[in-house]
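Please read the structure below before turning to the comments.
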Amino acid sequence: MTDGAVSRSEISPGGSARRRPTRRPKHPALASRILAAGVSASLTLGLVGAMQNSEAEAASVPSQPEPVAAPTKVVIVITRPSNPAPVAATPASGSESASATAKVTPPKPTKVVPTRVPISKSNGSR
Amino acid sequence: MAAVESRFRVMGCEAHVVVVGGGRSHLRQAEAELRRLEERWSRFLPDSDVARLNRGAGSPTRVDADTLTLVAAAVELHRVTAGWFDPTVLPAVVAAGFGASRHDPEAVTRMATSAVEAPAPGCGGVDIDVTAQTVRLASGIAFDPGGIGKGLAADLVAEKLVDSGAAGALVNVGGDLRVIGSGPEGEGWYLEVEDPFQPDGFVVRLFLGDGGLATSSRLRIRRRGDDVRHHLIDPRTGRPSGSPVVAASVVAGTAWLAEGYAKAALLAGPEEGIDLIEDGGVAGLVVLEDGSVRISTRLGVFL
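Protein chains in written order, with the working numbering: chain A, 1 to 126; chain B, 127 to 429.
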């Protein structure tokens with residue numbers, strides 16, 4: 001890839017013949033999860049209390065209904081070393097569910113980040 | 127709303143703490159709490175809970191309540207990631223050359239079992255007794271929380287900051303971060319996933335209200351002559367992973383869950399890795415060796 005090249009998005013074949021594993025139930029109630037994990041049945045409320053905010057479907061991580069078909073996957077070819085890719089792949093805009101068809105919307109501009117707002121970065125710790 | 131922030135080193139990496147609607151006392155509280163957790167969970171500190179656990183394999187070891195949570199979280203992640211996240215891979219990690227602290231070569235991992243390049247035994251030999259507040263590792267098993275220690279530390283500290291009166295908080299420990307409550311602009315937090323090929327850049331920018339974001343990458347390497355090894359061990363083989371994924375990032379309800387899924391997705395490879403993310407009800411992306419990025423369907427809601 002070259003500097004300044006325009007990033008592009010492409011859709012891999014949605015619902016391809018590739019086998020998807022049988023879906024596991026998504027995070028059942030914590031107590032049963034812990035017991036199912038083989039942890040002692042004496043695991044008490046203290047531990048549950050400490051972990052109960054750890055659900056994958058916490059308030060601001062939108063819960064998702066089960067898709068009725070394999071979701072489309074999106075491959076983004078990023079540009080290096082200049083601009084990061086404007087990521088275009090979203091479920092239906094404004095929807096908090098992964099729709100069966102998982103529309104790909106046109107690229108939307110990166111949100112304008114207010115100046116002086118601290119931004120933290122996630123990386124693999126080194 | 128006014129925000130204060132601090133950066134400092136802890137747990138072998140840099141931490142970034144932002145507190146909204148709070149003061150410097152909250153920053154000091156966060157740093158002190160992170161250092162307390164490091165003392166409990168570092169495998170390099172001989173008196174930590176994790177070091178005592180590993181030396182005492184075969185017998186119950188009494189540990190801190192937070193350590194019980196850590197072990198339970200690790201066992202849970204082992205289950206939900208179909209074994210890709212495995213906290214019992216430590217002997218192979220040491221065998222790969224990561225037995226000593228990067229910052230203090232004399233600080234080494236102590237465990238009752240030998241360093242060996244072999245498949246990880248899994249969590250069947252990890253027993254937690256909350257009533258007695260003990261953990262027992264079966265003989266031959268060693269425990270390493272890996273990155274989820276940083277993630278869980280971020281979770282616990284962020285929640286304590288809000289409990290202590292802050293309107294919101296961000297706690298980032300070496301890239302495993304948790305946000306909670308109000309952001310500096312009121313509605314959430316802007317976060318970036320670092321471009322593994324260009325650390326000054328980012329792959330995506332996310333907007334997250336409350337939850338965790340973590341990244342696992344195999345950039346950390348050890349050179350032994352011509353042999354270059356990284357620290358992410360495939361639990362099925364006990365050898366450094368040959369996955370073409372160079373970095374994986376996950377958004378979840380908490381940082382520990384995000385870190386566990388990120389590591390699992392990296393090890394599992396691009397296809398199964400994305401499947402793990404989708405099936406786990408979390409969101410994320412994987413960056414491949416050729417620079418391409420694959421994202422899960424749910425990540426779009428955070429972009």
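Built from N, CA and C at the ideal position, the CB exists for glycine as well. It should be emphasised that the depicted structure is a prediction, and the values quoted were computed from it without experimental measurement.
Identified DSSP bridge partners for Asn298/B: Residue 298/B sits at position 172 when you count from the first residue of the second sequence. Answer by DSSP bridge pairing, in chain order: His142/B, Leu303/B.
Residue environment, Ile421/B, which counts as buried when at least 16 other CB atoms sit within 10 Å: As a working note, residue 421/B is residue 295 in the second sequence. When all chains shown are included, Ile421/B counts as buried.
Three-way DSSP call (helix, strand, coil) for Thr105/A in this model: The residue labelled residue 105/A in the question sits at position 105 within the first sequence. Bear in mind that the predicted position of Thr105/A carries a pLDDT of just 33, short of 50, making it too unreliable to give a figure here.
Test: Ala280/B CB closer than 8 angstroms to a CB of chain A: As a working note, residue 280/B is residue 154 in the second sequence. No, because no Cβ of chain A sits closer than 8 angstroms to the Cβ of Ala280/B.
Outcome for Thr207/B when other beta-carbon atoms lying within 10 angstroms are tallied against a minimum of 16: Position 81 of the second sequence, counted from the start, is the residue given in the question as residue 207/B. Buried, since its Cβ has 16 or more Cβ neighbours within 10 Å.
Spatial neighbours of Trp210/B in its chain, beta-carbon cut-off 6 angstroms, leaving aside the 5 residues before and after: Taking the first residue of the second sequence as position 1, residue 210/B is located at position 84. Taken in chain order, the residues that qualify are Ala390, Leu393, Ala394.
Same chain, Cβ closer than 6 angstroms to Ala268/B, neighbours up to 5 away in sequence not counted: On the second sequence, residue 268/B is found 142 positions in, with the first residue counted as 1. For Ala268/B, where only same-chain residues beyond five positions count, the Cβ hits under 6 angstroms are Asn180, Leu216, Pro217, Met237, Thr239.
Interface flag, Lys121/A vs chain B, CB-CB below 8 angstroms: Position 121 of the first sequence, counting from 1, holds the residue named residue 121/A. Yes - at least one Cβ of chain B is within 8 angstroms of the one on Lys121/A.
Start-to-end residues for the beta strand (DSSP E) that takes in Thr260/B: Reading the second sequence from its first residue, position 134 is the one you call residue 260/B. Segment 260-263, the beta strand (DSSP E) holding Thr260/B.
The alpha helix (DSSP H) enclosing Gly277/B, as first and last residue numbers: Translated into the one-based positions of the second sequence, residue 277/B becomes position 151. Element bounds for Gly277/B: 273-289.
Interface flag, Phe328/B vs chain A, CB-CB below 8 angstroms: By 1-based counting over the second sequence, the position of residue 328/B is 202. Cβ-Cβ to chain A under 8 angstroms: yes for Phe328/B.
Alpha-carbon spacing of Met137/B relative to Val299/B, whole angstroms: Within the second sequence, numbered from 1, the residue matching residue 137/B stands at position 11. Within the second sequence, numbered from 1, the residue matching residue 299/B stands at position 173. About 8 angstroms.
Meets three-Cβ-pair contact criterion under 8 angstroms: the stretch 146-156 of chain B and the stretch 330-344 of chain B: no
Distance between Val372/B and His204/B (C-alpha atoms, nearest Å): The sequence position of residue 204/B within the second sequence is 78, counting from 1. The sequence position of residue 372/B within the second sequence is 246, counting from 1. If I take the Cα positions, the gap works out to 21 angstroms.
N-terminal and C-terminal residue of the alpha helix (DSSP H) that Ile403/B is part of: Taking the first residue of the second sequence as 1, we reach residue 403/B at position 277. 396-405 is the span of the alpha helix (DSSP H), which, as asked, contains Ile403/B.
Those residues which DSSP pairs with Arg135/B across a bridge: By one-based count along the second sequence, residue 135/B stands at place 9. Answer by DSSP bridge pairing, in chain order: Glu140/B.
Close beta carbons around Arg24/A, own chain, < 7 angstroms, minus the five adjacent residues each side: By 1-based counting over the first sequence, the position of residue 24/A is 24. Bear in mind that a pLDDT of 41 at Arg24/A, under 50, signals an unreliable position, so the number given afterwards is only what the model happens to contain. Cβ within range, chain order: n/a, list empty.
Per-residue burial, Asn123/A [other beta carbons within 10 Å of its own, 16 or more giving buried]: Within the first sequence, the letter at position 123 stands for residue 123/A. The residue in question, Asn123/A, is buried, as its Cβ has 16 or more Cβ neighbours within 10 Å.
Own chain, CB closer than 7 angstroms to Gly69/B, minus 5 neighbours either side, in chain order: An answer regarding residue 69/B cannot be provided, because it is not within the stretch 127 to 429 covered by chain B.
Opposing strand residues paired with Gly337/B [DSSP bridges]: Along the second sequence, one-based indexing puts residue 337/B at 211. Paired residues: Val305/B.
Residue burial classification, Glu135/B (beta-carbon count within 10 angstroms, cutoff 16): Taking the second sequence and counting its residues from 1, the one referred to as residue 135/B is at position 9. Going by the sequence as given, residue 135/B is Arg instead of Glu. Exposed, since its Cβ has fewer than 16 Cβ neighbours within 10 Å.
Within chain A, the residues that Ala129/B reaches when beta carbons sit closer than 7 angstroms: As a first step, residue 129/B is located in the second sequence; it is residue number 3 there, counting from the start. Per Cβ cutoff of 7 angstroms: Pro118.
Limits of the alpha helix (DSSP H) - the one that Pro186/B falls within: Counting from 1 along the second sequence, the entry for residue 186/B is found at position 60. Run containing Pro186/B: none in the alpha helix (DSSP H); it sits in the beta strand (DSSP E), 186-188.
Beta carbon proximity, His142/B to chain A, threshold 8 angstroms: Here residue 142/B refers to the residue found at position 16 of the second sequence. Cβ-Cβ to chain A under 8 angstroms: yes for His142/B.
Residues near Pro396/B by beta carbon distance below 7 angstroms, same chain, minus five either side: As a working mapping, residue 396/B is identified with position 270 in the second sequence. Only Pro370, Val371, Val412, Leu414, Arg420 meet the Cβ criterion.
C-alpha gap between Arg344/B and Arg304/B, whole angstroms: Counting from one through the second sequence, the residue named residue 344/B turns up at place 218. Counting from one through the second sequence, the residue named residue 304/B turns up at place 178. Rounded to whole angstroms, Arg344/B to Arg304/B spans 22 angstroms at the Cα level.
Euclidean distance between Cα positions of Asp451/B and Asp281/B: Since the first residue of chain B shown is 127 and the last is 429, residue 451/B is not available in this structure.
Alpha carbon of Trp315/B to alpha carbon of Ile400/B, nearest angstrom: Reading the second sequence from its first residue, position 189 is the one you call residue 315/B. Reading the second sequence from its first residue, position 274 is the one you call residue 400/B. Those two C-alpha atoms are separated by around 25 angstroms.
Simplified DSSP assignment, three categories, for Ser151/B: Counted from its first residue, the second sequence places residue 151/B at position 25. In this structure, Ser151/B counts as helix in the three-state DSSP scheme.
Chain-order list of residues whose beta-carbon lies under 7 angstroms from that of Val39/A (same chain, five-residue window excluded): To locate residue 39/A, count along the first sequence from 1; it is residue 39. Legend: pLDDT at Val39/A = 39, less than 50; position of this residue unreliable, value from coordinates given subsequently. Excluding residues within five positions, none has a Cβ falling inside 7 angstroms.
Counterpart residues of Pro409/B in DSSP-defined beta bridges: By one-based count along the second sequence, residue 409/B stands at place 283. Looking at the sequence itself, residue 409/B is Ala, so the reference to Pro does not match. The partner list for Ala409/B (beta bridge, DSSP) reads Val377/B.
CB contact below 8 angstroms: Arg178/B versus chain A: As a first step, residue 178/B is located in the second sequence; it is residue number 52 there, counting from the start. No, Arg178/B lies away from the interface with chain A (no Cβ there is under 8 angstroms from its Cβ).
Span of the alpha helix (DSSP H), counted from its first residue to its last, around Val467/B: The question about residue 467/B has no answer, for chain B in this structure spans 127 to 429.
Terminal residues of the alpha helix (DSSP H) in which Asp175/B lies: Taking the first residue of the second sequence as 1, we reach residue 175/B at position 49. Counting along the chain, the alpha helix (DSSP H) containing Asp175/B begins and ends at 175-181.
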